[in-house]
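Visitor: Residue numbers (the working numbering): 5 to 395. No residue lacks a Cβ here, since even glycine has one placed at the ideal position from N, Cα and C.
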């Protein structure tokens, strides 16, 4: 008899980030001494008649709003038929962004690994078990942390000394006084001159730049310093193939896109139209491990690399099964405040800066499924009151 899904639980919880706030526009996380920001995540558990539970902690409110559609479909189904479920849920959520598939699919993979007593990367096909990491910073601030080009350069040197092979700038943006493009350009040169001969350097304006001219000016600075990639510069939200192809034609620095578009088909269109040089994938954003691995295989067919967004055990398993991926994103990091990792991992798993070995790599969990143990007592103790049970 095949296993059967009997119940799915989704629990919203919150955790604090000390000395972290947002910029004056209210969106970017920045260093803010004395402030505390509360973040919310979701713990998902897929129960089965085998007594094995597939688990994942992550996601966001828009994704959780779609769990109802996905979960009602899955009750009574075989949890091992991930490809069939992925296809059906993709169609069911066709009017939405499909973010609700990701955490559920990851939990199904966790179940499969526990069912077969194997880590997910072995089920996918292991290519490696250690992954080079880069340091991905908080946004620039004006509070004495990453508040100047020199501060970014000093922190890059610190990250180099910690063993990181790459360093990515999330700057201040461009446009008004709080988003001075001059300061962005100066930070590029300061970091490049400090560590450019020793680290791969990346820049991610996070779609802050107001105009094509701004994106071009910053991109030319990246060219001068030999940056590894240029990511999401425009206010288009990272979705215009035409704009990024035009930008790529005028720069030497490779373009990295597709973090903010959803679906294998449109990502392949970006590759086919030469609107990006690297593809982006994320098992939460891209309909789970199933969807993210499809993106990675598609990129390989185009002769392109895929870079996975954000840290986490699901990302590590995906990268471990990919030849065409260069780095693991350790994010967000800062010289004076904590990483954004939630305090939910028991055992040795960590996405804090000190998880990077002297050789600049992180390991891949080798236990069954995701290979991590979650602190469900902490999650339950910090539940916001939003608990949904489907059975």
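List in chain order: all unbroken beta strand (DSSP E) runs of 3+ residues lying wholly within the segment 197 to 234.
Guide: Within the segment 197 to 234, the complete beta strand (DSSP E) runs of at least 3 residues are 204 to 207.
Visitor: Nearest-angstrom Cα distance between residue 260 and residue 309?
Guide: For the purposes of this step, residue 260 is taken as the residue at position 256 of the chain shown. For the purposes of this step, residue 309 is taken as the residue at position 305 of the chain shown. In a straight line, the C-alpha of residue 260 is about 10 Å away from that of residue 309.
Visitor: In chain order, what residues of the same chain have a beta carbon less than 8 Å from the beta carbon of residue 265, not counting five sequence neighbours either side?
Guide: To locate residue 265, count along the chain shown from 1; it is residue 261. So the qualifying residues of the chain are 242, 243, 271, 274.
Visitor: DSSP three-state call for residue 103: helix, strand or coil?
Guide: If you number the chain shown from 1, residue 103 lands on position 99. Reduced to three states, the DSSP call for residue 103 is coil.
Visitor: Report the rounded CA-to-CA distance for residue 200 versus residue 230, giving the unit in angstroms.
Guide: Along the chain shown, read from residue 1 onward, the residue named residue 200 stands at position 196. Along the chain shown, read from residue 1 onward, the residue named residue 230 stands at position 226. Rounded to whole angstroms, residue 200 to residue 230 spans 7 Å at the Cα level.
Visitor: What does the alpha-carbon distance come out to for the pair residue 141 and residue 338?
Guide: In the chain shown, the residue the question calls residue 141 occupies position 137. In the chain shown, the residue the question calls residue 338 occupies position 334. Going by the C-alpha atoms only, they are around 6 Å apart.
Visitor: To the nearest angstrom, how far is the alpha carbon of residue 322 from that of residue 67?
Guide: Numbered from 1 along the chain shown, position 318 holds the residue referred to as residue 322. Numbered from 1 along the chain shown, position 63 holds the residue referred to as residue 67. Approximately 20 Å, taken between the alpha carbons.
Visitor: Do the CB positions of residue 289 and residue 104 come within less than 8 Å of each other?
Guide: As a working note, residue 289 is residue 285 in the chain shown. As a working note, residue 104 is residue 100 in the chain shown. No, Cβ-Cβ distance for residue 289 and residue 104 is not below 8 Å.
Visitor: Given 8 Å as the limit, is there contact between the segment 372 to 387 and the segment 57 to 67, that is, 3 or more CB pairs closer than that?
Guide: yes
Visitor: Applying the criterion that 16 or more other CB atoms from any shown protein chain within 10 Å of the CB defines a buried residue, is residue 31 buried or exposed?
Guide: For the purposes of this step, residue 31 is taken as residue 27 along the chain shown, with counting starting at 1. Exposed, by the Cβ-count rule.
Visitor: Classify residue 393: buried if its beta carbon has 16 or more other beta carbons within 10 angstroms, exposed otherwise.
Guide: Residue 393 sits at position 389 when you count from the first residue of the chain shown. Burial call: exposed.
Visitor: Heavy atom of the ligand GTP less than 7 Å from the Cβ of residue 371, yes or no?
Guide: What this structure holds is no ligand at all, so the ligand GTP is not there to describe.
Visitor: Taking its Cβ as the centre, do 16 or more other Cβ atoms sit within 10 Å of residue 24, making it buried, or is it exposed?
Guide: By 1-based counting over the chain shown, the position of residue 24 is 20. Buried, because 16 or more other Cβ atoms sit within 10 Å of the Cβ of residue 24.
Visitor: Starting from residue 251 and walking both ways along the alpha helix (DSSP H), at which residues does that stretch end?
Guide: Position 247 of the chain shown, counting from 1, holds the residue named residue 251. Per DSSP, the continuous alpha helix (DSSP H) segment holding residue 251 begins and ends at 245 to 254.
Visitor: So, with DSSP's three-state summary, where would you put residue 298?
Guide: Position 294 of the chain shown, counted from the first residue, corresponds to residue 298. Helix.
Visitor: Assuming residue 137 is part of the beta strand (DSSP E), what are its boundary residues?
Guide: Position 133 of the chain shown, counting from 1, holds the residue named residue 137. Where residue 137 is concerned, the enclosing beta strand (DSSP E) stretches over 134 to 143.
Visitor: In angstroms, rounded to a whole number, what distance separates the CA positions of residue 99 and residue 388?
Guide: In the chain shown, residue 99 corresponds to position 95, counting from 1. In the chain shown, residue 388 corresponds to position 384, counting from 1. Taking the straight line from one Cα to the other gives about 28 Å.
Visitor: I need the straight-line Cα distance from residue 295 to residue 223, nearest angstrom please.
Guide: For the purposes of this step, residue 295 is taken as the residue at position 291 of the chain shown. For the purposes of this step, residue 223 is taken as the residue at position 219 of the chain shown. Taking the straight line from one Cα to the other gives about 31 Å.
Visitor: Quick test of your reading: residue 195 and residue 173, contact by CB under 8 Å. State the CB separation rounded to the nearest angstrom.
Guide: Walking along the chain shown from the start, residue 195 turns up at place 191. Walking along the chain shown from the start, residue 173 turns up at place 169. Correct: roughly 6 Å between the Cβ atoms.
Visitor: Who are the Cβ neighbours of residue 314 in its own chain at under 7 Å, not counting the five residues just before and after it?
Guide: In the chain shown, residue 314 corresponds to position 310, counting from 1. The residues are 286, 333, 335.
Visitor: Could you say which of 17, 137, 55 lies nearest to residue 331 if we only look at CA atoms?
Guide: In the chain shown, the residue the question calls residue 331 occupies position 327. The candidate whose alpha carbon is nearest that of residue 331 is 137.
Visitor: From the DSSP secondary-structure annotation, give me the bridge partner or partners of residue 40.
Guide: By one-based count along the chain shown, residue 40 stands at place 36. Answer is 22, bridged to residue 40.
Visitor: Reducing DSSP to helix, strand and coil, say where residue 238 ends up.
Guide: The residue you call residue 238 lines up with position 234 of the chain shown. Note: residue 238 maps to strand in three-state DSSP.
Visitor: When you compare each of 390, 56, 358 to residue 167 by their alpha carbons, which one comes out closest?
Guide: Here residue 167 corresponds to residue number 163 of the chain shown, with the count starting at 1. With distances taken between Cα atoms, residue 167 lies closest to 358.
Visitor: Can you list, in chain order, the residues of its chain with a C-beta nearer than 6 Å to that of residue 252? Leave out the 5 residues immediately preceding and following it.
Guide: Looking up residue 252 in the chain shown gives position 248. Within the same chain, residue 252 has close Cβ partners 259.
Visitor: Under 8 Å by Cβ, that's how I've got residue 218 and residue 185 pegged, so tell me the actual separation to the nearest angstrom.
Guide: By one-based count along the chain shown, residue 218 stands at place 214. By one-based count along the chain shown, residue 185 stands at place 181. Between the beta-carbon of residue 218 and that of residue 185 there is about 6 Å, and that keeps the pair under the 8 Å contact cut.
Visitor: Assuming residue 325 and residue 89 are in contact, meaning their beta carbons sit under 8 Å apart, how far apart are those beta carbons, in whole angstroms?
Guide: Here residue 325 is taken as the residue at index 321 of the chain shown, counted from 1. Here residue 89 is taken as the residue at index 85 of the chain shown, counted from 1. Going by Cβ atoms, the distance from residue 325 to residue 89 rounds to 20 Å, so no, they are not a contact pair.
Visitor: Let me know if residue 5 comes out buried or exposed under the rule of 16 or more other beta-carbons within 10 Å of its beta-carbon.
Guide: Position 1 of the chain shown holds residue 5. Counting Cβ neighbours within 10 Å, residue 5 comes out exposed, since fewer than 16 surround it.
Visitor: Note down, in chain order, each residue of its chain lying with its Cβ closer than 6 Å to the Cβ of residue 206, except the 5 sequence neighbours on either side.
Guide: Here the question's residue 206 lines up with position 202 in the chain shown. For residue 206, where only same-chain residues beyond five positions count, the Cβ hits under 6 Å are 172, 232, 233.
Visitor: I'd like to check one pair, residue 81 with residue 291: are the Cβ atoms closer than 8 Å?
Guide: Residue mapping note: residue 291 aligns to position 287 of the chain shown, counting from 1. Residue mapping note: residue 81 aligns to position 77 of the chain shown, counting from 1. Cβ distance not < 8 Å, so residue 291 and residue 81 don't count as in contact.
Visitor: Could you tell me which residues DSSP pairs with residue 392 in its beta bridges?
Guide: As a working mapping, residue 392 is identified with position 388 in the chain shown. According to DSSP, which records beta bridges pairwise, residue 392 is partnered with 14.
Visitor: According to DSSP, simplified to helix, strand and coil, what is residue 123?
Guide: Along the chain shown, read from residue 1 onward, the residue named residue 123 stands at position 119. Strand.
Visitor: Give the DSSP-derived three-state secondary structure of residue 374 in the structure shown.
Guide: Along the chain shown, read from residue 1 onward, the residue named residue 374 stands at position 370. Three-state result, residue 374: coil.
Visitor: Give me the DSSP bridge partner(s) of residue 284.
Guide: On the chain shown, position 280 is the one that residue 284 refers to. According to DSSP, which records beta bridges pairwise, residue 284 is partnered with 311.
Visitor: Whole angstroms are fine: how far does the CA of residue 303 sit from the CA of residue 267?
Guide: Within the chain shown, the letter at position 263 stands for residue 267. Within the chain shown, the letter at position 299 stands for residue 303. Residue 267 and residue 303: Cα-Cα distance of roughly 13 Å.
Visitor: What residue does the alpha helix (DSSP H) around residue 73 start on, and which one ends it?
Guide: Sequence index remark: in the chain shown, residue 73 carries index 69 (1-based). Where residue 73 is concerned, the enclosing alpha helix (DSSP H) stretches over 71 to 78.
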